[in-house]
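Heads up: the sequence shown runs through residues 3 to 216, numbered per my numbering.
Beta carbons are placed, not taken as given, at the ideal position from N, Cα and C, and that holds for glycine.
Structure record follows, encoded as structure tokens.
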Amino acid sequence: MIHQIREDLAPYKATLVAVSKTKPEDQIMALYNEGQRVFGENRVQELVGKYESLPKDIEWHLIGHLQKNKVKYIAPFVSMIHSIESLELAQVIDAQAAKHDRVIDILIQLKIAEEETKFGMDHEECFDIIEACQGLENIRVRGLMGMATFTDDQAQVQQEFRSLKSLFEECQSMEMKDASSFDQLSMGMSGDYKLALECGSTMVRIGSLLFGAR
Ligand SMILES: *Cc1c(COP(=O)(O)O)cnc(C)c1O
């Protein structure tokens, strides 16, 4: 399956985040041995355990809701956090990254699905947080993340992805200290990644299609 997914991603030069949550280490190693290096997890404790026992050249992404008091456990090693839902969370990540003399890449999570969900922000909050993050030295805002509605209605999913893409472009025209590194749009999962790529995704988060159903 990974070969097919790689073929689908290649024309878009998009990044594959292999979502390994709940999956055992031997399954992660099987993909690692196929050359996959970017993996995503949504629970801090599980992420820390896997980081400790698996090869150190894996880039770990945190993709789920993150509690502020747990940031300290992943700050020493996490590559990217996709789920920034508040300025307070970004500030905590900045402070923890500073303790380890690191810069952690973050994505702002937007509400795009209709059934929404406690997490994520609206457009105004998104602009405000990007602006506020310009003053933080130990995080770098790399882009946006969103999840479409879980539905068979392709037109609706497409419309949600397009609206996230256009917000992404609006953000790109903001004044930022690292404007050239605001270049990642994380959207698309097992069921909708092809549509997401057509709508401008640069990073897809795929779990069940790679590892089987959870
Ligand atoms: C679990 C999860 C995924 C992967 O979902 P699949 O449908 O298994 O590909 C992607 N993004 C987030 C935020 C997730 O929690």
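Checklist line | Length of the line joining the Cα atoms of Asp185 and Ile7 | finding: Straight-line spacing of the CA atoms in Asp185 and Ile7 works out to 21 Å.
Margin query: By DSSP's criteria, Thr17 is part of a beta bridge. Which residues make up the other side?
Written below: Answer by DSSP bridge pairing, in chain order: Met205.
Margin query: Nearer than 8 Å: is that true of the beta carbon of Val159 relative to any heavy atom of ligand 1?
Written below: No, since every heavy atom of ligand 1 falls outside the 8 Å radius drawn around the Cβ of Val159.
Margin query: Please determine whether the Cβ atom of Leu109 lies at a distance below 8 Å from any heavy atom of ligand 1.
Written below: Taking non-hydrogen atoms of ligand 1 into account, the C-beta of Leu109 is found less than 8 Å away from none of them.
Note to self: Checking 9 Å against the spacing of the C-beta atoms, do Glu48 and Thr24 come in under that value?
What the structure shows: For the pair Glu48 and Thr24, the CB atoms are nearer than the 9 Å cut-off.
Check: Quick one: does the C-beta of His225 sit closer than 8 Å to a heavy atom of ligand 1?
Finding: The question about residue 225 has no answer here: the residues shown for the chain are numbered 3 through 216.
Check: What are the complete beta strand (DSSP E) segments, minimum 3 residues, inside the segment 151-197?
Finding: List check, beta strand (DSSP E) in window: 186-188.
Checklist line | Buried versus exposed call for Ala157 [16 or more other C-beta atoms within 10 Å across all chains shown] | finding: Of the other Cβ atoms in all chains shown, fewer than 16 fall within 10 Å of the Cβ of Ala157; this residue is therefore exposed.
Checklist line | DSSP state of Met82 mapped onto helix, strand, coil | finding: Here Met82 sits in strand by DSSP.
Next item on the list: Kindly examine ligand 1 and report whether one of its heavy atoms sits closer than 8 Å to the Cβ of Lys52.
Entry: It does not: the Cβ of Lys52 is nowhere closer than 8 Å to a heavy atom of ligand 1.
Notebook entry, point to check: When you compare only the Cα positions, how much space is there between Met31 and His5?
Noted result: Taking the straight line from one Cα to the other gives about 16 Å.
Notebook entry, point to check: Considering only the beta carbon of each residue, do Glu162 and Glu116 sit closer than 9 Å?
Noted result: Yes, these two residues count as a Cβ contact at 9 Å.
Item checked: Under 9 Å between C-beta atoms of Asp96 and Ile141 -> Yes, Cβ-Cβ distance for Asp96 and Ile141 is below 9 Å.
Notebook entry, point to check: The alpha helix (DSSP H) with Met147 in it runs from where to where?
Noted result: Boundaries for Met147: no alpha helix (DSSP H) harbours it, while the beta strand (DSSP E) harbouring it runs 141-148, taken from the DSSP string.
Checklist line | Limits of the alpha helix (DSSP H) - the one that Gln111 falls within | finding: The continuous stretches of alpha helix (DSSP H) do not include Gln111, which lies in the beta strand (DSSP E) extending over residues 106-112.
Check: Between Leu33 and Leu199, which are expected to be in contact by the criterion C-beta below 8 Å, what is the C-beta distance as a whole number of angstroms?
Finding: Taking the Cβ atoms as the reference, Leu33 lies roughly 20 Å from Leu199, outside the contact range of under 8 Å.
Next item on the list: On a CA-only basis, which of Glu61, Ile83, Ala100, Ile114 is nearest Gly37? Give me that one, please.
Entry: When each option's Cα is compared against that of Gly37, the closest is Glu61.
Item checked: Straight-line Cα distance separating Glu43 from Thr151 -> Note on geometry: alpha-carbon atoms of Thr151 and Glu43 lie some 21 Å from one another.
Check: Under the three-state reduction of DSSP, which class applies to Met123: helix, strand or coil?
Finding: In the structure shown, Met123 sits in a strand (DSSP, three-state: E or B).
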